[in-house]
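K.L.:
Take any residue in the sequence shown, note its place counting from 1, add 18, and you have its number in the working numbering. Glycine is no exception: its CB is placed at the ideal position from the N, C-alpha and C atoms. Keep in mind the model is a prediction, meaning the values are calculated, not measured.
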Amino acid sequence: MNERTPPDAPDEAEDDPVYEEAALWVARLSSADATEADRRAFEAWSAADPAHAEAFAEMEAWRRTMKRAPDPRRRRLPKGLAALTALLGLAGLMGDPLGWVDRIRADAWTDRGRIEATTLPDGSRVDLNTDTALALRFTDGERGVALLRGEAVFDVVPDAGRPFIVRGNGVRARAVGTRFFVRVDGAAAPVGVAEGRVDVATDSGRTLLQAGEVAVRDEDGRPVARKGDVARAIAWREGTLTVSGQPLTQVLTELERYRRGRILLVDSALGSRRFSGTLDLRDTDAALDVLAAAMGLRLTRLTPLLVLVRTDF
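Written out as structure tokens, the structure is:
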């Protein structure tokens, strides 16, 4: 039997090959497309050395802890800045276990905080928002796109013989020639149309969106057309977040999509206060400074991975 001492902190774990393998197994088995073959391979790996099972249990425990975003008022943070940095460093890997899987499967993807554009084989343009991945499923009869994660805006070249269809998170958006967005992270409006028309379908029903409309799901999961500010919704293509009267909690959640680490609101009562303005998504630290100045907030940057937000008075 190999005797080994587990790393004292997550940053040490990242340098240990056994813990690296354990982290990858946690990510793979958490994936929605994990197979029986994956599980059998994991069981063989785990049984090969008690240290494997121990490392896996530790990495899984860290993933679950990080996913819950602890409230610093109720939960004792690790002692010392180094321990806190290590904990949050592992959160970047384990808080989102499917990210690396989606990127391996993708034909185009962006890292967290990146916004990029690419041209598809048919000449259509796609803008990928932060932490987005997509895979192409082009055939002779269909230009298919699987949006694996994140959000994208599609400027579609017309082709009546080959419809352009985006699928993701149980939604199918079909267009011939148009500009529209699809978002698969659980947002209230997963599809919106800037130009043209898009047929939106789920397992529960379908609706036809016109320009200036978004699709929302009703309580039965059916897509329903609603008027929406689509231009504002896709302003991220220019690197800006424009909001009008949104609660602070929503604004911080949106900013957090564009940075590594966490933004924690220490004073929960502040969450309902509303903000209107434009923030720079390419510099989220500057965006936080704008919020602080406009709303009388105090920011405490404990590390590059953790910012605490509280009242300034």
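Taking D120 as part of the alpha helix (DSSP H), name the residues at either end of that continuous run.
P.N.:
By one-based count along the sequence shown, residue 120 stands at place 102. Element bounds for D120: 117 to 123.
K.L.:
Considering only the alpha carbon of each residue, which of D303, V171, D173, V44 lies closest to E72?
P.N.:
Start at 1 with the first residue of the sequence shown, and residue 72 comes out as number 54. Residue V44 is the option with its Cα nearest to E72.
K.L.:
Rank G246, G117, T220, D129 by C-alpha distance to the C-alpha of E237 and give the top, closest one.
P.N.:
Counting from one through the sequence shown, the residue named residue 237 turns up at place 219. Here the closest residue by C-alpha is T220.
K.L.:
If you measure between the beta carbons of V189 and F198, is that distance less than 8 Å?
P.N.:
Walking along the sequence shown from the start, residue 189 turns up at place 171. Walking along the sequence shown from the start, residue 198 turns up at place 180. No, these two residues do not count as a Cβ contact at 8 Å.
K.L.:
Please report the residue range of the beta strand (DSSP E) in which T296 lies.
P.N.:
Start at 1 with the first residue of the sequence shown, and residue 296 comes out as number 278. Its beta strand (DSSP E) spans residues 292 to 298.
K.L.:
Who are the near neighbours of A253 in its chain, counting only those whose CB is closer than 6 Å to its CB and skipping five residues on each side?
P.N.:
What you label residue 253 is simply residue 235 of the sequence shown in a count that begins at 1. Result list for A253: T260, in chain order.
K.L.:
Tell me the DSSP bridge mates of E274?
P.N.:
What you label residue 274 is simply residue 256 of the sequence shown in a count that begins at 1. Answer by DSSP bridge pairing: none, since E274 is not bridged.
K.L.:
Can you grab the Cα-Cα spacing for the pair V194 / A124, in whole Å?
P.N.:
The residue labelled residue 194 in the question sits at position 176 within the sequence shown. The residue labelled residue 124 in the question sits at position 106 within the sequence shown. Each residue's Cα considered, the two are about 23 Å apart.
K.L.:
If you follow the alpha helix (DSSP H) that V248 is in, where does it begin and where does it stop?
P.N.:
Locating residue 248 in the sequence shown gives position 230, counting from the first residue. It spans 248 to 251 - the alpha helix (DSSP H) in which V248 sits, taken as one unbroken run.
K.L.:
To the nearest angstrom, report how far apart V248 and F182 are at their CA atoms.
P.N.:
Position 230 of the sequence shown, counting from 1, holds the residue named residue 248. Position 164 of the sequence shown, counting from 1, holds the residue named residue 182. Cα to Cα, the separation comes out at about 20 Å.
K.L.:
Which whole-angstrom value describes the C-beta separation of L299 and G257, a residue pair presumed to lie in contact below a C-beta threshold of 8 Å?
P.N.:
Residue mapping note: residue 299 aligns to position 281 of the sequence shown, counting from 1. Residue mapping note: residue 257 aligns to position 239 of the sequence shown, counting from 1. L299 to G257, Cβ: 5 Å. Contact.
K.L.:
Distance cutoff 8 Å, beta carbons only. Does P322 sit that close to anything in chain B?
P.N.:
No chain B is part of this structure, which consists of one protein chain only.
K.L.:
Would you identify the three-state DSSP class for A228, choosing helix, strand or coil?
P.N.:
To locate residue 228, count along the sequence shown from 1; it is residue 210. In the sequence as presented, Ala is not what sits at residue 228; that position holds Gln. Residue state, collapsed to three classes: coil.
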